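Chemist: Here's a structure for you.
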């Protein structure tokens, strides 16, 4: 059981705003959680830093830019003093980018940037965090994806968001490859729904609080038998 001396440990990327921030906010409300909140520029993450004064759990804010491979590799030195003894229970690869392009208008450099941030970054961070996950009790990797990454449901998006959808399809494949290589880990890919954030926009259907509450309910209840699943925030299975 989690305790003050052996809390449940979390690493959340893209933690300065949107879904990432709400994940951290809800997690640090429990004294059983130790949360490492990663963002590109901690010095400017005012709201995130302000959570420290309100947190019942333990909050560490660290610098990780998931679009910068050197930043990801260097993060091990930041994480070792925090997670070296405790291990990591949950890695939440949440950070991502989105551009409103289409297949016949996309800039290939933008496509590469999107895949770099949304798929290659999570792949590399998973490698960096593997020694910590191996020490953790839960050993869960959660990739925040989208139904846009599903070959069966992406037509509902239409022609929009081509680079984003391609990158999320790559992230979904990463999930399956990680599961195949490491059957001792529980690896999930999850759509948070259409959420009212800077990325989701004001027309979105879900408040961040509702989406994140669902995400946390699902991810904390999964078992090793669930590894490799593609889920919605409410636990429904998404077709590949």
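Numbering (my numbering), first residue to last: 15 to 254. We put the beta carbon where it would ideally sit given N, CA and C, even for glycine. This structure is a prediction, so every number in the text was calculated from the model and none was measured.
Cβ of residue 131 within 7 Å of Cβ of residue 106?
Modeler: Numbered from its first residue, the chain shown carries residue 131 at position 117. Numbered from its first residue, the chain shown carries residue 106 at position 92. No, they are not a contact pair.
Chemist: Assign residue 73 to buried or exposed, taking buried as 16 or more other Cβ atoms, counted over all protein chains shown, within 10 Å of its Cβ.
Modeler: The sequence position of residue 73 within the chain shown is 59, counting from 1. With 16 or more other Cβ atoms within 10 Å, it is buried.
Chemist: At the level of alpha carbons, what is the spacing between residue 228 and residue 205?
Modeler: As a first step, residue 228 is located in the chain shown; it is residue number 214 there, counting from the start. As a first step, residue 205 is located in the chain shown; it is residue number 191 there, counting from the start. Cα to Cα, the separation comes out at about 11 Å.
Chemist: Can you look up residue 49 in the DSSP assignment and give me helix, strand or coil?
Modeler: Position 35 of the chain shown, counted from the first residue, corresponds to residue 49. Of the three classes helix, strand and coil, the one that applies to residue 49 here is strand, per DSSP.
Chemist: Go ahead and pull the three-state DSSP assignment for residue 190.
Modeler: Stepping through the chain shown from its first residue, residue 190 is reached at position 176. Helix, per DSSP.
Chemist: Just to confirm my understanding: we take residue 59, look at its own chain, exclude 5 residues before and 5 after, and list those with CB closer than 7 Å. What are they?
Modeler: Stepping through the chain shown from its first residue, residue 59 is reached at position 45. Excluding residues within five positions, the ones whose Cβ falls inside 7 Å are 30, 53, 75.
Chemist: For residue 98, count neighbouring Cβ atoms within 10 angstroms of its own Cβ and tell me buried if that reaches 16, exposed if not.
Modeler: Start at 1 with the first residue of the chain shown, and residue 98 comes out as number 84. Residue 98 should be labelled exposed.
Chemist: Expressed to the nearest angstrom, what Euclidean distance is found between the alpha-carbon atoms of residue 202 and residue 192?
Modeler: Residue numbering aside, residue 202 sits at position 188 when the chain shown is read from its first letter. Residue numbering aside, residue 192 sits at position 178 when the chain shown is read from its first letter. Whole-angstrom Cα-Cα distance: 10 Å.
Chemist: Are the Cβ atoms of residue 25 and residue 102 separated by less than 7 Å?
Modeler: Residue 25 sits at position 11 when you count from the first residue of the chain shown. Residue 102 sits at position 88 when you count from the first residue of the chain shown. Contact flag set, yes.
Chemist: Does DSSP classify residue 75 as helix, strand or coil?
Modeler: Locating residue 75 in the chain shown gives position 61, counting from the first residue. Residue 75 falls in the strand class under three-state DSSP.
Chemist: Evaluate residue 170 with the Cβ neighbour count: other Cβ atoms within 10 Å of its Cβ, from every protein chain shown; 16 or more gives buried, anything less gives exposed.
Modeler: The residue you call residue 170 lines up with position 156 of the chain shown. Flag for residue 170 reads exposed.
Chemist: Is any heavy atom in the ligand SAM found nearer than 6 Å to the beta carbon of residue 28?
Modeler: The ligand SAM is not part of the structure shown, which contains no ligands of any sort.
Chemist: Taking the alpha carbon of residue 113 as the point to measure from, which residue in 62, 162, 246, 19 has its own alpha carbon closest?
Modeler: The count along the chain shown starts at 1 and reaches residue 113 at position 99. Cα-wise, what sits closest to residue 113 is 162.
Chemist: What would DSSP say about residue 130, mapped onto helix, strand or coil?
Modeler: Taking the chain shown and counting its residues from 1, the one referred to as residue 130 is at position 116. Of the three classes helix, strand and coil, the one that applies to residue 130 here is helix, per DSSP.
Chemist: If you count every other CB in all the chains shown that lies within 10 Å of the CB of residue 173, and 16 or more means buried, which is it?
Modeler: If you number the chain shown from 1, residue 173 lands on position 159. Flag for residue 173 reads exposed.
Chemist: Which word fits residue 175, buried or exposed, when buried means at least 16 other C-beta atoms lie within 10 angstroms of its C-beta?
Modeler: Numbered from 1 along the chain shown, position 161 holds the residue referred to as residue 175. With 16 or more other Cβ atoms within 10 Å, it is buried.
Chemist: Taking the C-alpha atoms as reference points, what is the distance between residue 68 and residue 141?
Modeler: Reading the chain shown from its first residue, position 54 is the one you call residue 68. Reading the chain shown from its first residue, position 127 is the one you call residue 141. Rounded to whole angstroms, residue 68 to residue 141 spans 32 Å at the Cα level.
Chemist: Which class does residue 154 belong to by DSSP, given the choice of helix, strand or coil?
Modeler: As a first step, residue 154 is located in the chain shown; it is residue number 140 there, counting from the start. In the structure shown, residue 154 sits in a strand (DSSP, three-state: E or B).
Chemist: Whole angstroms is fine: what's the gap from residue 36's alpha carbon to residue 50's?
Modeler: The sequence position of residue 36 within the chain shown is 22, counting from 1. The sequence position of residue 50 within the chain shown is 36, counting from 1. Approximately 13 Å, taken between the alpha carbons.
Chemist: By alpha-carbon positions, which one of 158, 157, 136, 100 ends up nearest to residue 146?
Modeler: For the purposes of this step, residue 146 is taken as residue 132 along the chain shown, with counting starting at 1. Nearest option by C-alpha distance: 100.
Chemist: In its own chain, which residues sit with a C-beta less than 8 Å from the C-beta of residue 41, not counting the 5 before and 5 after it?
Modeler: Numbered from its first residue, the chain shown carries residue 41 at position 27. Counting only Cβ-Cβ distances below 8 Å, and skipping sequence neighbours, we find 24, 26, 47, 49, 71, 230.
Chemist: Pick helix, strand or coil for residue 175, following the three-state DSSP scheme.
Modeler: Taking the first residue of the chain shown as position 1, residue 175 is located at position 161. Here residue 175 sits in coil by DSSP.
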